[in-house]
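Notes to accompany the following structure.
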Amino acid sequence: MCEIFIRANPASYQSQSRSLRLHGVATSIRLESLFWEVLEELARRDDMTVNQLITRLHDELTEHRGSEAVAGNFSSFLRVCCLRYLMLQGEGRIPADASVPIRSLDARAVLDNLPESWVEARPH
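Take a look at the structure:
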């Protein structure tokens with residue numbers, strides 16, 4: 008069983024820092040290489056750069072949860088975004104065809120009837 012995991016290319020779990028600007032403020036984000044690859048695919052799907060994608064995720068998280076959520080652990084949030092993307096693809100809720108933009112998907116349909124641990128409760 009473990010061979011499936013231990014045979015991963017060691018480069019895929021090497022940490023890599025990238026510098027970017029979020030609204031003019033220089034910052035650095037450190038993620039494992041495999042997460043950067045997933046973010047690159049996500050960005051390409053919507054004709055964005057990785058920096059543009061990260062800025063958009065940052066802004067939407069700030070709008071939805073407040074600046075404290077972003078200050079908490081944004082790198083972990085990005086890892087979870089990558090994992091959710093891959094899990095939702097595995098569930099068939101996001102097309103594996105990378106030419107289909109994420110922005111073209113109906114978010115409510117993608118999130119409908121997911122396990123409670125996968126999505127926040129909607130207000131009634």
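Going from the sequence shown to our numbering is simple: count from 1 and add 7. Glycine included, each C-beta is placed from N, C-alpha and C at the ideal position.
Could you tell me whether the Cβ atoms of A18 and S35 are closer together than 8 Å?
No, the Cβ-Cβ distance between A18 and S35 is not below 8 Å.
Am I right that V57 and L46 are in contact with their C-beta atoms under 8 Å? What's the rounded C-beta distance?
At roughly 5 Å, the Cβ-Cβ gap stays under 8 Å, so V57 and L46 are in contact.
Between which two residues does the beta strand (DSSP E) holding R25 run?
S22 to L29 is the extent of the beta strand (DSSP E) around R25.
Should L93 go down as buried or exposed, given a rule of 16 or more other Cβ atoms within 10 Å for buried?
Exposed, because fewer than 16 other Cβ atoms sit within 10 Å of the Cβ of L93.
Between A114 and C88, what straight-line distance do the alpha-carbon atoms span, to the nearest angstrom?
Those two C-alpha atoms are separated by around 14 Å.
So within the segment 83-111, which uninterrupted beta strand (DSSP E) runs reach at least 3 residues, ignoring any that extend past its ends?
Those beta strand (DSSP E) runs which fall completely within the segment 83-111 and span 3+ residues do not exist here.
Start and end of the beta strand (DSSP E) containing L38?
Taken as a continuous stretch (DSSP letters only), the beta strand (DSSP E) holding L38 covers V32 to E39.
Given this structure, state the Cα-to-Cα distance separating H65 from R86, to the nearest angstrom.
One C-alpha to the other measures close to 13 Å.
Considering only residues of the same chain and omitting the five flanking positions on each side of F84, which have a CB-CB separation below 7 Å?
Cβ neighbours of F84 beyond the five flanking positions: L68.
Which of the three DSSP states, helix, strand or coil, is assigned to G73?
Residue state, collapsed to three classes: coil.
Could you check the C-alpha separation between S82 and L38 for me, to the nearest Å?
Roughly 7 Å between the two C-alpha positions.
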